[in-house]
Amino acid sequence: AQKVTQAQTEISVVEKEDVTLDCVYETRDTTYYLFWYKQPPSGELVFLIRRNSFDEQNEISGRYSWNFQKSTSSFNFTITASQVVDSAVYFCALSEMSGQGGSEKLVFGKGTKLTVNP
Amino acid sequence: SAVISQKPSRDICQRGTSLTIQCQVDSQVTMMFWYRQQPGQSLTLIATANQGSEATYESGFVIDKFPISRPNLTFSTLTVSNMSPEDSSIYLCSVPRAGGIYNEQFFGPGTRLTVL
């Protein structure tokens, strides 16, 4: 079965430090999509990025960057020059075809709680 | 992006009672999803609700405990039946961007449920 592992349960950094959140996935699908979501203390899930399995180019968006490596089944997320507002729980997710009735679904990792201290 | 609202935003309920959570989307969507997020945990898919058909439940979730309605393309309800303290969670509905599951999902703000 598909699986997403975020080994880091909690990370604490000081403002302006760089931080990398790890995500390792397992899937037998040749076509799949990976996602990162942010959940601030308010609780609402915010979409950050989607990456398909055929596109291994790294992506940068402002202070955020993502490193997708199929060879190691990893999709890591780096925040450069972290800020207090980056404090949140970050979830990595994988889209898959559910075994029940062929429906599609997202499988989430357990999340990494990032705390950025001033 | 879709705008999703949920009602209630939070509730405190007594053991043995039931609560119905509403999810309203500002556009018509075929698929809607219901998730549970237990305290300090990740999101777990409860079921997929397609309009015009019965919901498809994930392993560990059953219709008697979590009945779902999907009367039209913009609305769905999830009922948490015969509640116990273990049902205390955040319940979220979501819809995929047009094109299906391989696009990002938009999530509602969640319903924070506490069962005493």
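From first to last, the protein sequence lines stand for chains A and B. Residues 1 to 118 (the working numbering) make up the first sequence, in order. Residues 119 to 234 (the working numbering) make up the second sequence, in order. The beta-carbon is built from N, C-alpha and C at its ideal position, and this holds for glycine as well.
Take the Cβ of Gly62 of chain A as the centre, count every other Cβ of all protein chains shown within 10 Å, and call the residue buried at 16 or more, exposed below. exposed
Using alpha carbons as the reference points, say which of B:Arg154, B:Gly170, B:Ser194, B:Thr192 lies closest to Gly178 of chain B. B:Arg154
Would you list, in chain order, the members of the segment 165-198 of chain B that have their beta-carbon closer than 9 Å to a beta-carbon of chain A? Thr166, Asn168, Thr174, Tyr175, Glu176, Ser177
Beta carbon proximity, Leu21 of chain A to chain D, threshold 9 Å: This model lacks chain D altogether, as its protein chains are A and B.
Should the segment 80-97 of chain A be called in touch with the segment 192-205 of chain B, which here means at least 3 C-beta pairs below 8 Å? no
Measure from the C-beta of Arg154 of chain B to each C-beta in chain A and report whether the shortest distance is under 9 Å. no
Evaluate contact between the segment 123-135 of chain B and the segment 181-193 of chain B, counting only Cβ atoms and requiring at least three cross-stretch pairs below 8 Å. no
Euclidean distance between Cα positions of Ser182 of chain B and Val143 of chain B: Before going further, note that residue 182 of chain B is Asp rather than Ser in the sequence given. Approximately 25 Å, taken between the alpha carbons.
Looking at the structure shown, is Pro189 of chain B part of a helix, part of a strand, or coil, going by DSSP? strand
Under 7 Å by beta carbon: chain B residues contacting Gly62 of chain A: Within chain B, no residue comes near Gly62 of chain A; the closest Cβ sits about 18 Å away, beyond 7 Å.
Shorter than 9 Å from the beta carbon of Lys3 of chain A to some beta carbon of chain B? No, Lys3 of chain A lies away from the interface with chain B (no Cβ there is under 9 Å from its Cβ).
Have a look at the DSSP bridge pairing and note the partners of Leu48 of chain A. DSSP output for Leu48 of chain A lists no bridge partner at all.
Measuring alpha carbon to alpha carbon, tell me which of A:Asn76, A:Lys110, A:Lys70 ends up nearest Val89 of chain A. A:Lys110
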